[in-house]
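Q: If you read the sequence shown in this note's numbering, its first letter stands for residue 878, the second for the next number, and so on.
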Amino acid sequence: MRKVITYGTFDLLHWGHINLLKRARELGGKLIVGLSTDEFNDKKNKHAYHSYENRKFILESIRYVDLVIPENSWEQKIDDVIKYEIDVFVMGDDWQGQFDFLKDYCEVIYLPRTEGISTTKIKKDLYK
Ligand code: C2G
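1. Measure the alpha-carbon distance for E916 versus T997 and round it to whole angstroms.
2. For a quick check, are the C-beta atoms of I909 and Y961 less than 9 Å apart?
3. Would you kindly work out how many angstroms separate the C-alpha atoms of M878 and G905, rounded to a whole number?
4. Would you mind giving the Cβ-Cβ distance between G1007 and I959, rounded to the nearest angstrom? I have them listed as a contact below 8 Å.
5. Can we count R902 as close to the ligand C2G, meaning its CB is less than 8 Å from some heavy atom?
6. Candidates Y982, V967 and Y1004: which alpha carbon is nearest L898's?
7. With DSSP collapsed to three states, give me the class of Y1004.
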């Protein structure tokens, strides 16, 4: 069975996230999500509204997600790909090319981002 992995913060979960997770899951038989911890978000200069535990609870309820693991660093991806015997690494194409080093270990696929929605847009629109 082909195993797929993707990473992200997935804060204020929206249909763009779901569209990514759905397409990623359809590339194999099992999808693992490396969920950014609150500490790692600090390194990404991102402040999530929901805590890691609550973002994990939400992601685990999604039919397309089989396992959620913590994303603590930029450097863990190769170890994760080896440890979980990953066949396909997937990210939205805002990351195009950033993870091509993983091509030595698995397929690397960048999927088109879903236009018209983002966590930042939600926050801005709510603020109006
Ligand atoms: N995404 C998307 N369409 C949107 C918004 C997000 O396809 N409208 C995708 C992003 O491209 C990413 C995933 O959904 O693949 C999660 O998005 P974020 O939570 O914003 O993830 P990010 O902060 O980019 O973290 O090591 C990788 C990083 O952890 C990625």
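In this text, a Cβ means the ideal position worked out from N, Cα and C, and glycines have one as well.
A: A quick look at the data gives this:
1. Looking up residue 916 in the sequence shown gives position 39. Looking up residue 997 in the sequence shown gives position 120. CA-to-CA, the gap between E916 and T997 works out to about 19 Å.
2. Counted from its first residue, the sequence shown places residue 909 at position 32. Counted from its first residue, the sequence shown places residue 961 at position 84. Going by C-beta atoms, I909 is nearer than 9 Å to Y961.
3. Here residue 878 refers to the residue found at position 1 when the sequence shown is read from its first residue. Here residue 905 refers to the residue found at position 28 when the sequence shown is read from its first residue. The C-alpha of M878 lies about 7 Å from the C-alpha of G905.
4. This structure leaves residue 1007 out entirely; the chain is present only between 878 and 1005.
5. Translated into the one-based positions of the sequence shown, residue 902 becomes position 25. No.
6. Here residue 898 refers to the residue found at position 21 of the sequence shown. Among Y982, V967 and Y1004, the Cα nearest to that of L898 is on V967.
7. Against the sequence shown, residue 1004 aligns to sequence position 127. In the three-state reduction of the DSSP assignment, Y1004 falls in the helix class.
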